[in-house]
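Below is one structure, written out as structure tokens; comments come after it.
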Amino acid sequence: MLTSIGEVVYDWDVASDALAWSANAAEVFGLPDMAPFATGAAFGLACEDVGGRTRHDAVLDAGQVESAQAASGAGVPFRATYLLRLPAAARGAHGAGTDGCVQVEDTGRWYADADGRPAFAHGVLRLAPPAHETQSGPNTRAAFLAQIGRDVAAAVRSNRSMTLLVMSIEGLDRLNQEHGFEVADLAIEEAMRRAAVVMRRRDVFARYASNRFGVALLSCTLEQAPIAAERLRAGVEGAPLATPRGPVSVRVAIGAASAPDHASEAAGLLRRAEEALTASRRTAAGYQIYRPGTLRGGPATRAGRELDVVAALNERRVVAARQPVVEAGGTRRVAFHEALARIRETDGRIVGAADIIPVVERAGLVPLLDARVLELAARHLVAHPAERLSVNLSPLTLETPDWLGILAATLGAHPGVAERLIVEVTETVAVRDPDATRGRLDAMKALGVAIALDDFGAGHTSFRHLRDFPVDLVKIDGAFVQNLARSPDDRFFVRTLVDLAHHLGIPTVAEWVETEEAAAMLASWGVDYLQGDLFGAASIATGEAIGADGAAPRAAVA
Numbered sequence: 001m002l003t004s005i006g007e008v009v010y011d012w013d014v015a016s017d018a019l020a021w022s023a024n025a026a027e028v029f030g031l032p033d034m035a036p037f038a039t040g041a042a043f044g045l046a047c048e049d050v051g052g053r054t055r056h057d058a059v060l061d062a063g064q065v066e067s068a069q070a071a072s073g074a075g076v077p078f079r080a081t082y083l084l085r086l087p088a089a090a091r092g093a094h095g096a097g098t099d100g101c102v103q104v105e106d107t108g109r110w111y112a113d114a115d116g117r118p119a120f121a122h123g124v125l126r127l128a129p130p131a132h133e134t135q136s137g138p139n140t141r142a143a144f145l146a147q148i149g150r151d152v153a154a155a156v157r158s159n160r161s162m163t164l165l166v167m168s169i170e171g172l173d174r175l176n177q178e179h180g181f182e183v184a185d186l187a188i189e190e191a192m193r194r195a196a197v198v199m200r201r202r203d204v205f206a207r208y209a210s211n212r213f214g215v216a217l218l219s220c221t222l223e224q225a226p227i228a229a230e231r232l233r234a235g236v237e238g239a240p241l242a243t244p245r246g247p248v249s250v251r252v253a254i255g256a257a258s259a260p261d262h263a264s265e266a267a268g269l270l271r272r273a274e275e276a277l278t279a280s281r282r283t284a285a286g287y288q289i290y291r292p293g294t295l296r297g298g299p300a301t302r303a304g305r306e307l308d309v310v311a312a313l314n315e316r317r318v319v320a321a322r323q324p325v326v327e328a329g330g331t332r333r334v335a336f337h338e339a340l341a342r343i344r345e346t347d348g349r350i351v352g353a354a355d356i357i358p359v360v361e362r363a364g365l366v367p368l369l370d371a372r373v374l375e376l377a378a379r380h381l382v383a384h385p386a387e388r389l390s391v392n393l394s395p396l397t398l399e400t401p402d403w404l405g406i407l408a409a410t411l412g413a414h415p416g417v418a419e420r421l422i423v424e425v426t427e428t429v430a431v432r433d434p435d436a437t438r439g440r441l442d443a444m445k446a447l448g449v450a451i452a453l454d455d456f457g458a459g460h461t462s463f464r465h466l467r468d469f470p471v472d473l474v475k476i477d478g479a480f481v482q483n484l485a486r487s488p489d490d491r492f493f494v495r496t497l498v499d500l501a502h503h504l505g506i507p508t509v510a511e512w513v514e515t516e517e518a519a520a521m522l523a524s525w526g527v528d529y530l531q532g533d534l535f536g537a538a539s540i541a542t543g544e545a546i547g548a549d550g551a552a553p554r555a556a557v558a
């Protein structure tokens with residue numbers, strides 16, 4: 001009977017990660033045996049999406065249950081829906097979609113050990129063709145692939161770039177639990193409406209799965225894609241979504257891939273963008289460009305070697321490059337420098353942020369890296385009493401309970417540094433939880449440091465937030481500065497941001513300034529400070545230029 005309705009039973013020993021399947025599992029999956037899915041890790045790698053989290057986290061989510069419930073022996077119930085990519089030999093068994101995926105409904109209970117941690121799970125899986133493959137109409141995966149197929153083929157023939165963005169709304173399972181499926185559906189619809197508004201008319205935009213949206217950017221290179229991604233994210237996240245249960249906030253993740261660079265046909269391009277989407281969830285920025293060989297495997301540097309961040313931290317090989325921030329006036333005197341994390345390899349090679357960021361975020365080492373850069377900045381300020389430095393602070397570090405203690409201890413060990421230190425926090429984290437953020441910023445201000453709001457414009461901070469936060473400086477997101485000469489929209493937006501900051505008496509910095517034309521334009525609008533390769537690339541103490549990979553120099557938490 002279970003086989004006839006596409007259901008299998010499993011037992012999962014969390015400690016050993018062994019998955020034991022019911023006798024009918026191989027028949028239901030269409031496999032010779034269940035060896036490909038013998039462990040939770042192997043099965044999890046084949047799962048495409050669980051409401052923005054891994055299957056492991058969705059099933060063993062102890063964060064929303066009472067500890068007494070786990071300790072009572074009754075177990076903690078779970079329910080998750082996701083896509084499972086079947087091995088090639090099994091894709092005909094259940095009418096798998098064009099990408100080899102079937103939809104899985106996973107329900108059961110997990111049970112805790114003596115310490116209250118998940119030890120064992122018992123569940124039931126039900127397999128079915130993905131809902132978006134059985135629907136008719138424009139909002140299906142197959143229809144989306146057909147819609148963009150001609151554009152991908154044209155891009156390949158003409159050797160002109162076309163970039164595909166894939167966006168997912170994160171945390172839908174939590175939204176369902178807290179507010180119900182109706183509210184979650186309304187939130188998805190409103191997010192789709194907002195996303196469509198910020199896209200260009202000639203771009204192709206569609207919802208092709210339950211919580212996934214595709215945006216085909218015609219005649220768009222990968223270098224231009226971050227600007228579009230920031231607009232897309234800001235348009236959706238900028239303000240809470242209105243629902244019958246009241247406003248709800250959502251976060252999105254975005255992956256990007258380009259034709260013909262990453263694929264020469266639509267299905268392949270979509271798979272690459274979705275791989276990048278998966279990797280983006282391990283980053284603070286929530287955005288990732290597809291990088292062959294680094295998303296599913298271990299972290300690697302651009303030279304193809306493994307980057308051991310732990311060893312670099314232990315061996316004190318994390319160094320700080322400095323990039324000047326200059327006054328926008330005619331003299332362009334250096335006002336302060338921004339400290340940017342770099343790693344010096346054992347052979348002397350310097351590893352830039354593009355290689356460091358994904359590794360430290362995936363390994364959960366961002367707070368340690370931030371603490372090291374803070375220490376380096378404090379030591380530099382002691383040795384150079386006439387200078388000022390800014391350091392970036394990751395959202396993960398800002399929300400860590402230990403951060404304020406680390407900052408206080410560092411400043412206490414380096415007297416006279418606090419008044420010359422600027423701590424940069426990103427705008428998007430500032431508005432995620434305004435009350436909690438305000439408390440943390442007030443505590444940092446009490447220690448004597450200045451606060452800069454980084455990436456200003458990316459998260460659409462409201463006038464009230466900017467007025468209420470103890471901000472000494474705002475840094476206008478470089479994604480809007482880079483394209484000033486060619487984009488009237490960006491010019492209008494940047495001028496509006498400058499006017500807003502000046503109305504509140506807050507000085508402004510424009511990031512990623514690369515041309516004299518842009519510098520003159522920004523200065524004429526009243527921007528106080530300018531930062532970018534036009535005035536000097538990031539460099540270490542010896543003067544060696546860092547970040548020569550072509551990317552705008554960014555800190556480990558920028």
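First residue of the sequence shown: 1, per the numbering used here; consecutive thereafter.
Note that beta-carbon positions come from the ideal geometry of N, C-alpha and C, so glycine has one too.
Under the 8 Å Cβ criterion, the stretch 111 to 122 counts as touching the stretch 9 to 26, having at least three qualifying pairs. Secondary structure note for F213: its beta strand (DSSP E) is the uninterrupted segment R212 to L217. Judged by DSSP in its simplified three-state form, L84 adopts strand.
DSSP places Q482 in the coil class of the three-state scheme, outside both helix and strand.
In the structure shown, R251 adopts extended strand secondary structure according to DSSP, grouped into three states. Minimum Cα-Cα distance from L31 among the listed residues A18, V318, R85 and F78 corresponds to R85. For the beta strand (DSSP E) assignment, the uninterrupted runs of no fewer than 3 residues enclosed by the stretch 227 to 282 are, from N- to C-terminal side, 251 to 259. Rounded to the nearest whole angstrom, the CA to CA distance from L381 to F336 is 11 Å. Going by DSSP, W12 is part of the beta strand (DSSP E) stretching over E7 to D13.
Counting the other CB atoms within 10 Å of its CB gives D499 a total below 16, which places it among the exposed residues. Exclusion of the five residues before and after P324 leaves V334, H337, F535 and G536 as the residues of its chain whose Cβ lies within less than 7 Å of its Cβ.
Here V198 really is in contact with L232; their C-beta atoms are around 6 Å apart, less than 8 Å. A direct Cα-to-Cα measurement between M34 and R141 gives close to 28 Å. In the same chain as R332, and ignoring 5 residues on each side of it, the C-beta atoms closer than 8 Å to its own belong to V326, L530 and F535, in chain order.
If you keep only unbroken beta strand (DSSP E) runs of at least 3 residues inside the stretch 368 to 396, you get 389 to 393. If you ignore the 5 residues before and after I476, its C-beta comes within less than 8 Å of the C-beta of F456, G457, V494, L497, V498, T508, V509, A510, E511 and V527, all in its own chain and listed in chain order.
Excluding the 5 residues flanking it on each side, T426 has same chain C-beta neighbours closer than 7 Å at P395, D454 and D455, in chain order. Annotated three-state conformation of D435 is helix, per DSSP. Non-local beta-carbon contacts of I188 in its own chain, meaning distances under 7 Å to residues more than five positions away in sequence, involve I169 and N211 in chain order. C-alpha of L19 to C-alpha of G40: approximately 6 Å in a straight line. Three or more beta-carbon pairs separated by less than 8 Å link the stretch 370 to 379 to the stretch 405 to 412, which places the two stretches in contact.
Excluding five sequence positions before and after L145, the CB atoms of its chain that fall closer than 7 Å to its own CB belong to T98, A266, A267 and L270, given in chain order. DSSP places W21 inside the beta strand (DSSP E), whose first and last residues are A18 to W21. In terms of CA proximity to A383, V417 leads the group V474, L165, V417 and E399.
Counting only the Cα atoms, A259 lies some 10 Å from R157. CA-to-CA, the gap between S524 and L83 works out to about 52 Å.
Within a 10 Å sphere around the beta-carbon of P367 sit 16 or more other beta-carbons, which makes this residue buried. Distance check between C220 and each of L164, L186, P244 and G171 places L164 closest, using alpha-carbon atoms only.
If you ignore the 5 residues before and after D442, its C-beta comes within less than 8 Å of the C-beta of P470, all in its own chain and listed in chain order. With a threshold of 16 other beta carbon atoms within 10 Å, A518 meets it and is buried. In this structure, T515 sits near A485, with a CB-CB distance shorter than 8 Å. Per DSSP, S158 is one residue of the alpha helix (DSSP H) stretching across R141 to S158. Annotated three-state conformation of E182 is helix, per DSSP. Listed as beta-bridge partners of A112 by DSSP are P118. Under DSSP, V102 takes part in a beta bridge, and its partners are L84.
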